[in-house]
């Protein structure tokens, strides 16, 4: 069962949350839990097989639909999905300059086709042009030998 960390922090600290003056949290093993906003939002973890990945936060189940829509379209919710779609070589880069990371990211992004959906045009477009969907479709097309798009008559 996952809990809503934002609500927990608000209950613990009150409405005026000030991360500089908070009490420290520790795991059962005695490790200090970092409460920095960027670390809380992303939830990074590392595995031997997949490398560095990021967990997606759950949407609140009791929130109004309008709030759930806003949260589901936010970068903190969609960002981890895009980050996890990157290849292991790009995700696992550490200790380099921002320009080096960007050049590796650019090399990968040049391999992703840009096929936005165009109303009325079906010859060569996908239903979604997001990076995770394009990476999934590119992997599937490579496995089955398809060149994407509908069959030509």
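Numbering (my numbering), first residue to last: 1445 to 1597. Think of the CB as a built atom: it goes at the ideal place given N, C-alpha and C, for glycine as much as any other residue. All figures in this text were calculated on a predicted structure; none of them were measured in a lab.
Relative to the Cα of residue 1495, the nearest Cα in the group 1538, 1553, 1512, 1575 belongs to 1538.
Between the C-alpha atoms of residue 1527 and residue 1581 there is a straight-line separation of about 16 Å. The Cβ neighbour count for residue 1529, taken over all protein chains shown within 10 Å, is at least 16; the residue is labelled buried. With contact defined as three or more Cβ pairs closer than 8 Å, the region 1532 to 1549 and the region 1492 to 1511 are in contact. Membership of residue 1495 in the beta strand (DSSP E) is indicated by the continuous run 1495 to 1498. In the three-state scheme derived from DSSP, where H, G and I count as helix and E and B as strand, residue 1554 is classed as coil. DSSP places residue 1488 in the strand class (E or B) of the three-state scheme.
Per DSSP, residue 1584 is one residue of the alpha helix (DSSP H) stretching across 1575 to 1588. Taking C-alpha positions only, residue 1563 is separated from residue 1556 by approximately 21 Å.
If you draw a 10 Å sphere on the C-beta of residue 1524, you find 16 or more other C-beta atoms in it, and that means buried. As a beta-bridge residue in DSSP terms, residue 1565 pairs with 1562.
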